[in-house]
Amino acid sequence: MLDIKFIRENPELVRQGIKNKNETDKLDDLLKLDEQRRELILKTDELKHKRNQVSSQIPQMKKAGQDVSSVLAEMKSVSDQISDLDSQLREIEQKLENILMFIPNMPHKSVPVGKNSGDNTVVREWLPEGFSFPKETSNEKTLDHIELGKKLKILDFERGAKISGSGFPLYTGKGATLERALINFMLDFHLKNHGYSEVFPPFLVNSDSMRGTGQLPKMAEDMYYIEKDELYPIPTAEVPITNIYRNEIINENELPIKHVGYSACFRREAGSYGKESKGFLRVHQFNKVEMVKLVKPENSYDELEKLVKDAEDILQALKIPYRILLLCTGDLSFAAAKCYDIETWSPAENRWLESSSCSNFENFQARRANIRFKNGLTKKPEFVHTLNGSGLATSRLMVSLLEMYQTPEGKVIVPEVLQNYTNFNVID
RNA sequence: GGAGAGAUGCUAGAGUGGUUGAAUAGGCUGGUCUCGAAAACCAGUGUGGCACUAGUUGUCACCGAGGGUUCGAAUCCCUCUCUCUCCGCCA
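If you count by the working numbering, then the first sequence holds residues 621 to 1048, one letter each, in order.
Here it is in structure tokens:
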């Protein structure tokens, strides 16, 4: 959420930001409501002041034996006016918030303006030693992850669909072990090498949490929802982990807070069918290790760079080719100010797959979730900056991993760093 | 799921209709004392909105959340949430 004061003082800046993010502009309505709101507050505060003053005099008047009935009658009408104005105010504030909650975060000035994913820029690329992209003329048979999964009996998409529906993958045998190994490896790696502290969050959250990180109200259609208990299965561990600190004031010396946690992630992916949705490429449930940071505002962009590197380290340890993309304004998500995507290479698809997304939300989420720290200098509470990044999502990563590590015979070698976790070195 | 108890500031804990933003104690910060420290003593110690003459300013709101009664609510009423205890059930 943006600060209404900031919008009031910089309407044209905000208008441009909304436009660059391809969002709808309702600023005029918003500013009009803001003005109405302030007028009403002025009126009610004045009346309340009067009421407070007179009310405090009534006991003394009574004690002095004065007749207070006319004063009471007058105050009754003042109170009626107040409650009338208050209900008008409530209505306006509701409308105002409804618009405010749909205004996206402003892109950072270092984010290139662009229409869509075509305008994203490649920041860097990393290839393991000895790796080269296949030639167009190559007729070497590269199995894709679905074929490998079937052949090696490690992935069963059909029976996953039988159990739950399409998009709910079933891992079997060494596939299940490999998935678990990957999760444990990534968690341990971040804990040992990157100074995160571990959390294991709830997978169902309430609507306040969803609003806090910005999934609600805008993305309601993308969420699962359990009506009976008014709970949402999380689309990412970002939601519960960031909301750990909702409505709290953190001690300055506790910052930066860096958490890493595993969760299953649930996404409805409404309206996405076809080629993109085969196998692991788009699923309703997947596993992800998520990194979340709460930092002081002045550090947040340094912390974003470090966050990306933390995710990269995993891919380098796994020796999987990847590249880093800086998203343009048009591809930036609603709540993000700046975002890098990490894409891993899929030899069978012959293209890059998005495996991680690392974002700085500045104080957009912190304002919604009311997460603050006490500034030691000013002694005043200030909103923290929040960041998060996948480190990483296993589904897309598993595609790259299986395909990259396959042998000409169609076996899969287990990456060296995972062998201690799997206790086998090859899947055949 | 059933029965009961509770929710007040950083913490503990008073307060059941009228200067109560809130007693008291602890904590924390600053000061006095001291070679230094402890003890003791003194002082300070919330958040948010709105306005303007922009201040050591005025004002409003906030005692789990949201409504209501009243001239006036931390205090009375209703709804919800959470916590605790006992019973039942269960991994």
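The C-beta atom is built at its ideal place from N, Cα and C for all residues, glycine as well. These figures come from a predicted structure and were not determined experimentally.
#### Entry: Per-residue DSSP class, three states only, for T1014
By one-based count along the first sequence, residue 1014 stands at place 394. Correct three-state label for T1014: helix.
### Message
Classify N1043: buried if its beta carbon has 16 or more other beta carbons within 10 angstroms, exposed otherwise.
### Response
Here residue 1043 refers to the residue found at position 423 of the first sequence. Per the 10 Å Cβ criterion, exposed.
### Span of the beta strand (DSSP E) around R744
On the first sequence, residue 744 is found 124 positions in, with the first residue counted as 1. R744 -> beta strand (DSSP E) spans 741-746.
### Message
Within 10 Å of its beta-carbon, does A693 have 16 or more other beta-carbons around it, so buried, or fewer, so exposed?
### Response
As a working mapping, residue 693 is identified with position 73 in the first sequence. So A693 counts as exposed.
### Query
In three-state terms, what does DSSP make of I920?
For the purposes of this step, residue 920 is identified with residue 300 of the first sequence, where counting begins at 1. Per the sequence shown, the amino acid found at residue 920 is Ser instead of Ile. S920 falls in the helix class under three-state DSSP.
### Message
Could you compute how far the alpha carbon of N1050 sits from the alpha carbon of E850?
### Response
Nothing about residue 1050 can be read from this structure; the chain reaches only from 621 to 1048.
### Task
Verify the contact flag: S817, CB atom, against every heavy atom of the ligand HEM, threshold strictly below 8 angstroms.
Annotation note on the ligand HEM: not contained in the displayed structure, which lists no ligands.
### Query
Taking the continuous alpha helix (DSSP H) assigned at F777, which residues delimit it?
By 1-based counting over the first sequence, the position of residue 777 is 157. Residues 777-783.
### Message
Suppose you measure from the CA of K729 to the CA of L1022; what does that come to, to the nearest Å?
### Response
Looking up residue 729 in the first sequence gives position 109. Looking up residue 1022 in the first sequence gives position 402. Using only the alpha carbons, I get a separation of about 39 angstroms.
### Query
Can you tell which of I940, G996, F954 has the C-alpha that lies nearest to the C-alpha of W972?
Counting from 1 along the first sequence, the entry for residue 972 is found at position 352. Among I940, G996, F954, the Cα nearest to that of W972 belongs to I940.
### Beta-carbon separation (whole angstroms), S976 vs L1012, contact threshold 8 angstroms
Here residue 976 is taken as the residue at index 356 of the first sequence, counted from 1. Here residue 1012 is taken as the residue at index 392 of the first sequence, counted from 1. With a Cβ gap of about 4 angstroms, S976 and L1012 count as contacting.
### Distance, P1035 Cα to N1025 Cα
By one-based count along the first sequence, residue 1025 stands at place 405. By one-based count along the first sequence, residue 1035 stands at place 415. Before going on, a small fix: residue 1025 reads as Tyr here, not Asn. Note on geometry: alpha-carbon atoms of Y1025 and P1035 lie some 7 angstroms from one another.
#### Entry: Residue closest to F1003, alpha-carbon to alpha-carbon, out of F981, S1010, S1015, R1016
One-based indexing of the first sequence puts residue 1003 at position 383. Among F981, S1010, S1015, R1016, the Cα nearest to that of F1003 belongs to F981.
### Message
DSSP three-state label for T1006, please.
### Response
As a first step, residue 1006 must be located in the first sequence, where it is residue number 386. If DSSP states are grouped into helix, strand and coil, T1006 belongs with the strands.
#### Entry: Cα-Cα separation, H814 to L875
The count along the first sequence starts at 1 and reaches residue 814 at position 194. The count along the first sequence starts at 1 and reaches residue 875 at position 255. Distance between the alpha carbons of H814 and L875: 15 angstroms.
### Message
On a Cα-Cα basis, can you pick out the residue from V909, E868, N1045, D706 that is closest to C885?
### Response
In the first sequence, counting from the first residue as 1, residue 885 sits at position 265. The candidate whose alpha carbon is nearest that of C885 is V909.
### Task
Determine the DSSP secondary structure at D961, reduced to helix, strand or coil.
For the purposes of this step, residue 961 is identified with residue 341 of the first sequence, where counting begins at 1. Three-state DSSP puts D961 in a strand.
### Message
Using a 10 Å radius around the Cβ and a threshold of 16 neighbouring Cβ atoms, would you call F984 buried or exposed?
### Response
Residue 984 sits at position 364 when you count from the first residue of the first sequence. Its Cβ being crowded by 16 or more others within 10 Å, F984 is buried.
#### Entry: Boundaries (first-last residue) of the alpha helix (DSSP H) holding L660
As a first step, residue 660 is located in the first sequence; it is residue number 40 there, counting from the start. Element bounds for L660: 647-683.
### Query
To the nearest angstrom, how far is it from the Cα of V1037 to the Cα of D776?
Looking up residue 1037 in the first sequence gives position 417. Looking up residue 776 in the first sequence gives position 156. Going from the Cα of V1037 to the Cα of D776 covers about 25 angstroms.
### Query
Of all the options K1031, N1040, Y1041, T644, which has the alpha carbon lying nearest to the alpha carbon of L763?
Position 143 of the first sequence holds residue 763. Taking only the C-alpha atoms, the option nearest L763 is K1031.
### Message
Can you tell me whether N995 is buried or exposed? The criterion is at least 16 other CB atoms within 10 Å of its CB, across all chains shown.
### Response
Your numbering for residue 995 matches position 375 in the first sequence. N995 is exposed by the Cβ-count criterion.
### Query
Which one or two residues does DSSP pair with F886 in a beta bridge?
As a first step, residue 886 must be located in the first sequence, where it is residue number 266. For F886, which the question treats as bridged, DSSP gives the partners Q905.
### Message
My output table needs one value for M695: the three-state DSSP class, helix, strand or coil.
### Response
The sequence position of residue 695 within the first sequence is 75, counting from 1. Assignment of M695 by DSSP, reduced to helix, strand and coil, places it in the helix class.
### Task
May I ask you to report which of helix, strand or coil DSSP gives F722?
On the first sequence, position 102 is the one that residue 722 refers to. It is coil, neither helix nor strand.
### Task
Would you kindly work out how many angstroms separate the C-alpha atoms of Q905 and E659, rounded to a whole number?
Residue numbering aside, residue 905 sits at position 285 when the first sequence is read from its first letter. Residue numbering aside, residue 659 sits at position 39 when the first sequence is read from its first letter. Approximately 49 angstroms between the Cα atoms of the pair.
### Task
Assess, as a yes-or-no matter, whether the stretch 861-871 is touched by the stretch 911-923 under the definition of 3 or more beta carbon pairs within less than 8 angstroms.
yes
#### Entry: Segment limits, alpha helix (DSSP H) that includes Y1041
Here residue 1041 refers to the residue found at position 421 of the first sequence. In the DSSP assignment, Y1041 falls within the alpha helix (DSSP H) that extends over 1039-1042.
### Query
For I861, which residues of its own chain have a beta-carbon under 7 angstroms away from its beta-carbon, when the five flanking residues on both sides are left out?
Here the question's residue 861 lines up with position 241 in the first sequence. If we look at I861 and ignore the five residues flanking it on each side, its Cβ neighbours are V819, P821, H879, G881, E910, V912.
### Task
Give a yes or no on contact between the stretch 625-636 and the stretch 664-677, applying the rule of three or more CB pairs nearer than 8 angstroms.
no
### Task
In the DSSP assignment, find the unbroken alpha helix (DSSP H) run with F859 in it and report its ends.
Against the first sequence, residue 859 aligns to sequence position 239. This sequence places Val at residue 859; Phe is not what is there. Counting along the chain, the alpha helix (DSSP H) containing V859 begins and ends at 858-862.
### Query
T998: buried (16+ other C-beta within 10 angstroms of its C-beta) or exposed?
Here residue 998 is taken as the residue at index 378 of the first sequence, counted from 1. T998 comes out exposed.
### For I962 and H1005, the rounded distance between their alpha carbons
Stepping through the first sequence from its first residue, residue 1005 is reached at position 385. Stepping through the first sequence from its first residue, residue 962 is reached at position 342. So the two alpha carbons sit approximately 22 angstroms from each other.
### Query
Rounded C-beta distance between R635 and L716? I'm assuming under 8 angstroms.
Here the question's residue 635 lines up with position 15 in the first sequence. Here the question's residue 716 lines up with position 96 in the first sequence. At roughly 17 angstroms, the Cβ-Cβ gap does not stay under 8 angstroms, so R635 and L716 are not in contact.
### Task
Out of G750, L709, A956, state which residue places its alpha-carbon closest to the alpha-carbon of K663.
Your numbering for residue 663 matches position 43 in the first sequence. Between K663 and the set G750, L709, A956, the nearest pair of CA atoms involves L709.
### Task
Please go through the same chain and pick out, in chain order, the residues whose beta-carbon is closer than 6 angstroms to the beta-carbon of I638, but skip the five residues on each side of it.
As a first step, residue 638 must be located in the first sequence, where it is residue number 18. Answer for I638: D645, listed in chain order.
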